[in-house]
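Note sheet for the following structure.
2 protein chains.
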Amino acid sequence: MYQLTKNKANSTPLTPLTFLDRAAIVYGDSTSILYGDSISYTWSQTHRRCLQLASSLSSLGIKKGHVVSVLSPSTPAMYELQFAVPMSGAILSNLNFRLDDKSLSVILIHSESKLVFVDILSLSLIIDALDLFPENIQRPELVLINDDTLAPRQIPALPKSVYVINNTYECLIARGDPNFKWIRPDSEWDPITLNYTSGTTSSPKGVVHCHRAAFIVSFDSLIDWSVPNQPVYLWTLQMFHSNGWSYPWGMAVVGGKNICTRKLDAPTIYSLIETHGVTHMCAAPVVLNILLNFNKATPLKNIVHVLTGGSSPPAAILTRAEELGFNVSHGFGMTELIGVIISCAWKRGWDRLSATEKARLKARQGVRKAGVAEVDVVGANGESVKRDGVTVGEIVVRGACVMLGYLKDEVATAQCLRENGWFYTGDVAVMHEDGYLEIKDRIKDVIISGGENMSSVEVEAVLYMHPAVKEAAVVARPDEFWGETPCAFVSLKDKLKEKEIPTEKEIKEFCVEKLPRFMIPKTIVFRDELPKTSTGKIQKHVLRKVAGEMGSLSLPPPQQLLSSRI
Amino acid sequence: MYQLTKNKANSTPLTPLTFLDRAAIVYGDSTSILYGDSISYTWSQTHRRCLQLASSLSSLGIKKGHVVSVLSPSTPAMYELQFAVPMSGAILSNLNFRLDDKSLSVILIHSESKLVFVDILSLSLIIDALDLFPENIQRPELVLINDDTLAPRQIPALPKSVYVINNTYECLIARGDPNFKWIRPDSEWDPITLNYTSGTTSSPKGVVHCHRAAFIVSFDSLIDWSVPNQPVYLWTLQMFHSNGWSYPWGMAVVGGKNICTRKLDAPTIYSLIETHGVTHMCAAPVVLNILLNFNKATPLKNIVHVLTGGSSPPAAILTRAEELGFNVSHGFGMTELIGVIISCAWKRGWDRLSATEKARLKARQGVRKAGVAEVDVVGANGESVKRDGVTVGEIVVRGACVMLGYLKDEVATAQCLRENGWFYTGDVAVMHEDGYLEIKDRIKDVIISGGENMSSVEVEAVLYMHPAVKEAAVVARPDEFWGETPCAFVSLKDKLKEKEIPTEKEIKEFCVEKLPRFMIPKTIVFRDELPKTSTGKIQKHVLRKVAGEMGSLSLPPPQQLLSSRI
Chain A
1 MYQLTKNKAN
11 STPLTPLTFL
21 DRAAIVYGDS
31 TSILYGDSIS
41 YTWSQTHRRC
51 LQLASSLSSL
61 GIKKGHVVSV
71 LSPSTPAMYE
81 LQFAVPMSGA
91 ILSNLNFRLD
101 DKSLSVILIH
111 SESKLVFVDI
121 LSLSLIIDAL
131 DLFPENIQRP
141 ELVLINDDTL
151 APRQIPALPK
161 SVYVINNTYE
171 CLIARGDPNF
181 KWIRPDSEWD
191 PITLNYTSGT
201 TSSPKGVVHC
211 HRAAFIVSFD
221 SLIDWSVPNQ
231 PVYLWTLQMF
241 HSNGWSYPWG
251 MAVVGGKNIC
261 TRKLDAPTIY
271 SLIETHGVTH
281 MCAAPVVLNI
291 LLNFNKATPL
301 KNIVHVLTGG
311 SSPPAAILTR
321 AEELGFNVSH
331 GFGMTELIGV
341 IISCAWKRGW
351 DRLSATEKAR
361 LKARQGVRKA
371 GVAEVDVVGA
381 NGESVKRDGV
391 TVGEIVVRGA
401 CVMLGYLKDE
411 VATAQCLREN
421 GWFYTGDVAV
431 MHEDGYLEIK
441 DRIKDVIISG
451 GENMSSVEVE
461 AVLYMHPAVK
471 EAAVVARPDE
481 FWGETPCAFV
491 SLKDKLKEKE
501 IPTEKEIKEF
511 CVEKLPRFMI
521 PKTIVFRDEL
531 PKTSTGKIQK
541 HVLRKVAGEM
551 GSLSLPPPQQ
561 LLSSRI
Chain B
1 MYQLTKNKAN
11 STPLTPLTFL
21 DRAAIVYGDS
31 TSILYGDSIS
41 YTWSQTHRRC
51 LQLASSLSSL
61 GIKKGHVVSV
71 LSPSTPAMYE
81 LQFAVPMSGA
91 ILSNLNFRLD
101 DKSLSVILIH
111 SESKLVFVDI
121 LSLSLIIDAL
131 DLFPENIQRP
141 ELVLINDDTL
151 APRQIPALPK
161 SVYVINNTYE
171 CLIARGDPNF
181 KWIRPDSEWD
191 PITLNYTSGT
201 TSSPKGVVHC
211 HRAAFIVSFD
221 SLIDWSVPNQ
231 PVYLWTLQMF
241 HSNGWSYPWG
251 MAVVGGKNIC
261 TRKLDAPTIY
271 SLIETHGVTH
281 MCAAPVVLNI
291 LLNFNKATPL
301 KNIVHVLTGG
311 SSPPAAILTR
321 AEELGFNVSH
331 GFGMTELIGV
341 IISCAWKRGW
351 DRLSATEKAR
361 LKARQGVRKA
371 GVAEVDVVGA
381 NGESVKRDGV
391 TVGEIVVRGA
401 CVMLGYLKDE
411 VATAQCLREN
421 GWFYTGDVAV
431 MHEDGYLEIK
441 DRIKDVIISG
451 GENMSSVEVE
461 AVLYMHPAVK
471 EAAVVARPDE
481 FWGETPCAFV
491 SLKDKLKEKE
501 IPTEKEIKEF
511 CVEKLPRFMI
521 PKTIVFRDEL
531 PKTSTGKIQK
541 HVLRKVAGEM
551 GSLSLPPPQQ
561 LLSSRI
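Here's what the structure looks like:
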């Protein structure tokens, strides 16, 4: 029996690129992309444009294994490039247009990118980045993506540069061959994307994923969210975030209508929802906040399904979202796992619960999607933690979603892709009795005081409850006796009255009833603003450095070491 | 870049068996299986029962690579075995309980089956089959599946046999270990199923599929049919047909409620639909006919999505189905492709068309599902046929759905798994201008007369239009001059009046206006009944033999060979 094994016909590499050929047949006449008043494509047009673009890339000398980068918000070009670049055989590197020139130059040099597609509003940024290249390093070619929906006054003057741009995006499409045979991967393990992590804890790392992972996660994401045929999908998520959580490829499977937008303010989003009858959107928590805090928001005509990731939505946010007609799903993903791979799968029985109870359940990250082989929460020796909702461990994952590795970084790769066959996420979670997991912290954010682990997130949650606190971040401060003690960086709300401004002592007292003694911050540092990454995440590694330089607190040792905690 | 390749974490074998672990968490409290008045399981019970069963199989000595067979209609046990057998590491062989003892004994011997789970109503059949085993061949062990929903009078007396049955299904479950670690495949290319084709053209062949194929097709079938979370799925399809078109595994992904039934008459099916609020069902065309021809049928309360395969549903059937509230989808599959892999994907624009036009479009088999890499219709030299709806060629397929091969049959395997990397289906089709294909015939059913290919199905379609014809099958009769001529075998409807019974000449005249001259049957043979397989397909190979023995017709050669056809 085992003599029969894979053959030429059944081992055709899995790749999401085959989705587009099919979409051109099944949904050929249906709208694929809408953008502003001027751009509307059908799936056969999108298919043809991608083939033409891939053919032009080949003509420019782009070959299998080359890296081609894109710096753009979620425009039609950004969507097409998710297919066209890998169709040319190249590896697609989506760049974050909110990075600074220095970070971009580091990434471009590290990736050895041959060519960068750049949105006109990021042109100045990329030129600054290229100007930072050392003399001896070859710069990538630039292709300009114009945008006719922009008014001339919206386009800033370019910095002076010797850099010459030979091609525009539409020229490449126009002179491409619509009958181009796109370059199939030799193996489904061939790389398709190279995305750099935004790095809250360290320098950016280049995450490489293969065609197989992109194929499986596309399917998995459609099934897990029950996406029906021909949804209307609004791009409130930046596609540079982990390839738009795989939905650029997924929309070609179900023939969705992609509503692209550059503007992400509440009036624009509500207007697009109403005009186009949006059914689905993914959104970072911040976008969801913008929508729900918009004071002119009125209930939606039809339900809009929203998938959000990152920190779990608080009960008040979920209640408000449901009142307006948003059906919010919550998941967990990371660039290394090519999108959202754990989701808080809803159970029918939960429909009957109170809003608070629903929010508590929904705030948990949940269970692996069906296409992920295994997810576990493990202790230091790799053993599964108890399903008690209390014992913390690290989330580990196995399955097709796991990256090939970090580009040119064997040490970092080996740190998370362990010999025991698991990918270590660096996220700390508990496993609840019902098998749903809930994230507590990043590994590096765990503070160990007197041998006791504490989650900085839990301490922060208490600080956020204080009426005067706008932002809070808790990190470890080294301590001669205790090893570490919790140190809180806090920014206060604007326009507080004099008497509303708390002292360090008042903040600590506020925590007393709400936290075990050892978790109460021993240091409170007030700041006007906490340092953040370009994607808005608080940079704990910066604060950790500050706390590190403070040195040890002179705390009195406890009277009875075994029975009390500081 | 290409140094990064698969690693231990991301190369975990794809297998549908992981779906069940997850279903036990996500849908643990929800109903998994309902059967009669007495059986109702939740997904955690199904999970536990499957683990216990797999553990008992291991205790009985079943090992990786052994074949374990099942002979049962779509009962709860049949559903559980789709998971439990491969969870023990064994290969699952679903047997057709409509076969005769001789065919069964041939299959059991060929597969070297170690153990057969047998439904109580098929016990007598399997014992007859085992009695046919030669002395020197080891017989498989039998495990009896009892059914408490049957009345004692429904259970026939057993034939006399020396064969001893040591175990019953429920005993094996009862003594199994619920904490059994199910046996994961070493590779996703390891076999999971061995299903025998029913063989309209030749002796049964053992089709071997791997875990990877089962995983991919499960996902693909859910997406293509837009199956939502927690559907109510009625088992009108026999699971022995290509593993129930992958929906046993698929239902674990979406936490569906499986309604099992042994009876497939119209009143039972309508009653189950109403009682349980059925949302989805797969059905062979004959079951659909039974439902639509039921004279007491009244419109359904809610839409029921029906997926059907095989011959395309005529317009009248589709119209009637829609009137009643069935939403019929139509696809093409075969055991060698582990289910339905081409489907007539519906386009929104078609909603506006007339019923006849809709039926014409829906009768086409359609386009590949998104998970299938490539499908083409090719001529003798492997070139794609014109997209003209006229030029016929053979359907060829590439993708994860293609079988590993036929067990112990290198010749048959090499005939369809060609060196050029394609799987040849043996089905003849045309490709329409819009990229949808339509099946015309089996390769062996094409008749070549005077160098002109004709589709026997098209000739049969005309014969079926005759008001007195009940069944028609057209095969080639050898001819000295023309090579072959079409020969029709016809059975007439019951209770015709004397004057309604047509003569051979009348049948031919009926065809004159409707077919090209060369396609009009030159021979008409009336039969009371046409020979059929156990699954109800007409056995053309039997008729072909009869026609072959008739020898050449003495037809006059044409006067002008180049300008006319017989």
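Top to bottom, those sequences are chains A and B.
For what it's worth, full-length UniProt numbering labels the leading residue of the first sequence as 1, then goes sequentially.
For what it's worth, full-length UniProt numbering labels the leading residue of the second sequence as 1, then goes sequentially.
Idealized CB from N, CA, C, for every residue including glycine.
In this structure, DSSP gives residue 297 (chain B) a state outside helix and strand, which the three-state scheme calls coil. Using a Cβ distance threshold of 8 Å, residue 292 (chain A) and residue 308 (chain A) do not count as a contacting pair.
Against residue 22 (chain A), the close residues of chain B are 367, 368, 370, in the order they occur along the chain (beta-carbon pairs closer than 7 Å). In this structure, residue 491 (chain A) and residue 470 (chain A) form a Cβ contact; the two beta carbons are roughly 5 Å apart against a cut-off of 8 Å. Contact note: residue 133 (chain B) does not reach chain A at a C-beta cutoff of 7 Å; the least C-beta distance is about 20 Å. By the 16-neighbour rule on beta-carbons within 10 angstroms, residue 460 (chain A) is buried. Of the residues assessed, residue 398 (chain A) falls on the buried side of the cut-off, its CB having 16 or more other CB atoms within 10 angstroms. For residue 24 (chain B), the closest of B:45, B:374, B:343, B:551 by C-alpha to C-alpha distance is B:45. Against residue 82 (chain B), chain A offers no close residue; the least beta-carbon distance is about 16 Å (beta-carbon pairs closer than 8 Å). For residue 484 (chain A), DSSP records a beta bridge to A:478. Ranking A:407, A:450, A:48, A:434 by CA distance to the CA of residue 365 (chain A) puts A:434 first.
Going by DSSP, residue 91 (chain A) is part of no alpha helix (DSSP H) but of the beta strand (DSSP E) stretching over 91-95. For the stretch 357-412 of chain A, the full-length beta strand (DSSP E) segments reaching 3 residues or more read 374-378, 392-398 along the chain. Every beta strand (DSSP E) stretch that sits fully inside the stretch 34-113 of chain A and reaches 3 residues is listed by chain position as 39-42, 67-71, 91-95. Per DSSP, the continuous alpha helix (DSSP H) segment holding residue 171 (chain B) begins and ends at 169-174.
Taking 8 Å as the threshold, the shortest C-beta distance from residue 223 (chain A) to chain B falls below it. When C-beta atoms of the stretch 93-101 of chain B are compared with those of the stretch 119-131 of chain B, three or more pairs fall below 8 Å, so the two segments count as touching. Our two residues, residue 531 (chain B) and residue 473 (chain B), have alpha carbons roughly 10 Å apart in a direct line.
Taking a beta-carbon distance threshold of 8 Å, residue 48 (chain B) does not count as an interface residue toward chain A. Proximity of residue 25 (chain B) to chain A, defined by a Cβ-Cβ separation below 8 Å, is satisfied.
In this structure, residue 248 (chain B) keeps its C-beta atom at 8 Å or more from the C-beta atom of residue 48 (chain B). Identification of chain B residues near residue 348 (chain A) by a Cβ-Cβ cut-off of 8 Å yields 30, 230, ordered along the chain.
With its beta carbon less than 8 Å from one in chain A, residue 374 (chain B) belongs to the interface. Nearest CB-CB separation between residue 5 (chain B) and chain A: below the 8 Å threshold.
Counting along the chain, residue 115 (chain A) sits inside the beta strand (DSSP E) bounded by residues 115-119. Cβ proximity to chain A below 8 Å picks out 434, 435, 436 from the stretch 424-447 of chain B.
Secondary structure of residue 155 (chain A) (DSSP, three-state): coil. Put simply, the CB of residue 244 (chain B) is far from chain A, with every gap to its CB atoms at 8 Å or more. Taking the Cβ atoms as the reference, residue 359 (chain A) lies roughly 7 Å from residue 319 (chain A), within the contact range of under 8 Å.
Contact between residue 193 (chain A) and residue 92 (chain A) holds, since their C-beta atoms are separated by about 5 Å, short of 8 Å.
Proximity of the stretch 237-246 of chain A to the stretch 230-248 of chain B falls short of the contact definition, fewer than three beta-carbon pairs being nearer than 8 Å. When Cβ-Cβ separations below 8 Å define contact, residue 213 (chain B) makes contact with chain A.
DSSP places residue 526 (chain A) within a strand segment (E or B) once states are collapsed to three.
With contact defined as three or more Cβ pairs closer than 8 Å, the stretch 260-273 of chain B and the stretch 345-362 of chain A are not in contact. Per the DSSP secondary-structure output, residue 186 (chain A) pairs with nothing in a beta bridge. Apart from sequence neighbours up to five positions away, the residues of its chain that approach residue 547 (chain B) with a beta-carbon distance below 7 Å are 475, 476, 477, 487, ordered along the chain.
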